[in-house]
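In what follows, a single structure is set out as structure tokens and then discussed.
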Amino acid sequence: MFVNRIGDLGLLLGIFLFYTIFGSLKYDVINSLVAVVAALKFLFLGLNFAVLDLICILVFFGVAAKSAQLGLHVWLPDAMEGPTPVSALIHAATMVTAGVFLVIRLSPVFEHSSLGLTLLIFFGSLTALVASVIGSFQNDIKKIVAYSTCSQLGYMVLSCGLSLYSLSLFHLFNHGFFKALLFLGAGSVIHAYLDNQDIRRMGAFLNVLPLTYLMILVGSLSLMAVPFFSGFYTKDLIIESAGSYYSPVGLFAAIFSLVAALFTTFYSLKLIYLVFFSKPNGYKILYRYMVESGVDIVLSITILFFLTVFSGYMFKNIFLGYYFDQSAMLVLSPNAVFFTSEYFSGIVKQLPLIFMGLAIVGFFLLSSFASCFTNFNKCFHLIYFFIAKKLSFDLIYNSLIVKLFWFSSYFFYNLLDKVFLSVPGLGLYRFFVEKLSQGILVVVSGFVYHYIFLLSFGFVLWGIIGFMELLDGRLLCFMLVSTGFIIMSEYTNSIITNNYRIKRKSYNSHERDEC
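In our numbering, each residue carries its 1-based index in the sequence shown increased by 1476.
Dropping the structure here:
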């Protein structure tokens, strides 16, 4: 929550600047006027800065927080404490892709800012690499899949930096299917193994969970961009496009994205091998009660299975022939706005497959010579520990930021909160806070029918306000709204109080019966 507040602050400042410069927050207005504003500059410390560059930097703060780019990605592994279906929803196609989608909708703004595109390329490729490296050293099955999400989001941001917004949207679309499949497959394993998530305690699940193995295998093949699976149609194309981007930052992005693809293949094979093929490493009692998941889970992952296999082939002509116009709508490209990957050089097109093959060979060599891997651990245990601890991002932030700003918590808690809320002499402020809190608690009751009542009342009030504004009766409208709010508060308060008394009474009688 706190990390996302940092991104929200930058995004909020960007929204203020949008409204100040463009006079609107609508995509079509902003994107149609961006060419006029492109030459606008402001003076700061004797230097001229482009307004669009500043807007793109501020918007990127929000993108980095929501889509877990390097620096503000630390919340992502800690979000794995929730249930697996929730993780599948969050990581597949909803919250973490919001930042990428914002960049896609604001594509004309970023196209007029070379600094904004450079930021997207740099942080996208760096995030793809770092997340894949950290994921290769994780042992929690859900955290491995979570870091793969972070890595794939890096590919999406990188694609936006290369000005290939429809390709980024296509990867977002395909990623939703195979990532949801991987998460629900991991949830099926956890559910069958009595909520154990450490892959070092698993092994030989192939005979017990054959259907789950098939689902995770297909999701991993798509994640690795094996030909003819959905990830192949987008991830390989992003890497090839970075290799054909004729600039130093393009070369930087191509190298980082290729190495990220290598590590992606490595941790995908590691997950499949340790869970399904290695020797049993858990307790016998856990294996005795393992069964395949129920019909509800199997039906969900089966649907995702078919979408993962066929979505790339079925929808490639829809996404890759379109781009976002000034009204932020997908339209067919009228000229050579997009490109055809057939004109890339042969070696560039083969590099992703070559690196994937190198990762497969390297993994099987490490698996065959386990003693070598053990010796590697002994010699380089500090490096292993450093990467396994998420490159010590949490430790660095805690040491350099949290502890250095101890005075802020001391000031706000000890001087403001304690003085203004605890000292009897300042009772007026305390009384106001208490009454305000009680008034808010009246509305937030926790009962669904109370929320339905408030929602219905709001719709009716909305209609009345619109009607009164048409008659230009603003004073009457204000009086009606105030009276309605008072009636609503009293009615809700009486309902909550009566329900609480009834509930407490039944609870006490139940206690007496038990005694």
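From the three backbone atoms N, C-alpha and C, an ideal C-beta is built for every residue, glycine too.
Is the region 1700-1720 touching the region 1637-1646 in the sense that three or more CB pairs, one from each, lie closer than 8 Å?
yes
Can you tell me whether alanine 1835 is helix, strand or coil according to DSSP?
helix
Below 8 Å, can you find three or more Cβ-Cβ pairs linking the region 1505-1516 to the region 1600-1618?
no
On the three-pair Cβ rule with 8 Å, is the region 1761-1777 touching the region 1698-1705?
no
Measuring straight from C-alpha to C-alpha, what distance separates leucine 1605 and alanine 1736?
4 Å
Bridge-paired residues (DSSP) for asparagine 1672
DSSP lists no partner for asparagine 1672.
What number of angstroms, rounded off, separates the C-alpha of threonine 1741 from the C-alpha of valine 1576?
24 Å
Beta-carbon separation of threonine 1573 and serine 1543 under 8 Å?
yes
Output the residue ranges of the alpha helix (DSSP H) runs that lie fully inside the region 1664-1708 and measure 4 residues or longer, sorted by chain position.
1686-1699
So phenylalanine 1654 and serine 1706 are in contact, right, with Cβ under 8 Å, and what is the actual spacing, rounded?
6 Å
Span separating the alpha-carbon of phenylalanine 1883 from that of asparagine 1874:
14 Å
Once DSSP output is grouped into helix, strand and coil, what is the label at leucine 1489?
helix
Tell me the DSSP secondary structure of lysine 1911 in three-state form.
helix
Please work out which residues of its chain come closer than 6 Å, Cβ to Cβ, to alanine 1526, disregarding the five sequence neighbours upstream and downstream, and give them in chain order.
Lys1517
Length of the line joining the Cα atoms of serine 1583 and leucine 1930
39 Å
Using a Cβ-Cβ cutoff of less than 6 Å, which residues in the same chain neighbour leucine 1591 once the five nearest sequence positions on both sides are dropped?
Asp1529
Would you call the region 1649-1667 and the region 1620-1632 in contact, with 3 or more CB pairs under 8 Å?
yes
Leaving aside the five residues before and after leucine 1546 along the sequence, list all residues of the same chain whose C-beta is less than 7 Å from its C-beta, in chain order.
Phe1599, Leu1602, Thr1603, Val1606
Measure the beta-carbon distance from valine 1684 to cysteine 1636 and round it to whole angstroms, keeping in mind my assumption that it falls under 8 Å.
Going by Cβ atoms, the distance from valine 1684 to cysteine 1636 rounds to 42 Å, so no, they are not a contact pair.
In three-state terms, what does DSSP make of leucine 1519?
strand
Measure the alpha-carbon distance for asparagine 1480 versus leucine 1488 and round it to whole angstroms.
12 Å
Please go through the same chain and pick out, in chain order, the residues whose beta-carbon is closer than 8 Å to the beta-carbon of glycine 1661, but skip the five residues on each side of it.
Thr1688, Met1691, Ile1692, Gly1695, Ile1777
Could you check how far apart the C-beta atoms of leucine 1474 and phenylalanine 1498 are, in whole angstroms? I think they sit under 8 Å.
This structure gives no information on residue 1474, because the portion of the chain shown stretches from 1477 to 1991.
Identify every residue that forms a DSSP beta bridge with phenylalanine 1525.
Phe1518
Considering only DSSP beta bridges, list what aspartate 1616 is partnered with.
Asp1674
Sequence-distant residues of its chain with Cβ nearer than 7 Å to phenylalanine 1494 (five each side left out):
Leu1501, Ile1506, Ile1531
CA-to-CA distance, leucine 1596 to valine 1725, given in whole angstroms
11 Å
If contact is defined by three or more beta carbon pairs under 8 Å, each pair taking one atom from either stretch, is the region 1671-1685 in contact with the region 1755-1774?
yes
Going by DSSP in three states, valine 1725 sits in which element: helix, strand or coil?
helix
So, with DSSP's three-state summary, where would you put asparagine 1757?
coil
Is glycine 1719 buried or exposed, if buried means 16 or more other CB atoms sit within 10 Å of its CB?
buried
Could you tell me which of Gly1538, Leu1871, Ala1668, Phe1708 sits nearest to asparagine 1650, measuring between CA atoms?
Phe1708
Valine 1920 versus glutamate 1587 - alpha carbon distance:
45 Å
For glycine 1490, count neighbouring C-beta atoms within 10 Å of its own C-beta (all shown protein chains included) and say buried if the count is 16 or more, exposed if not.
buried
Can you name the start and end residues of the alpha helix (DSSP H) that methionine 1790 belongs to?
1771-1795
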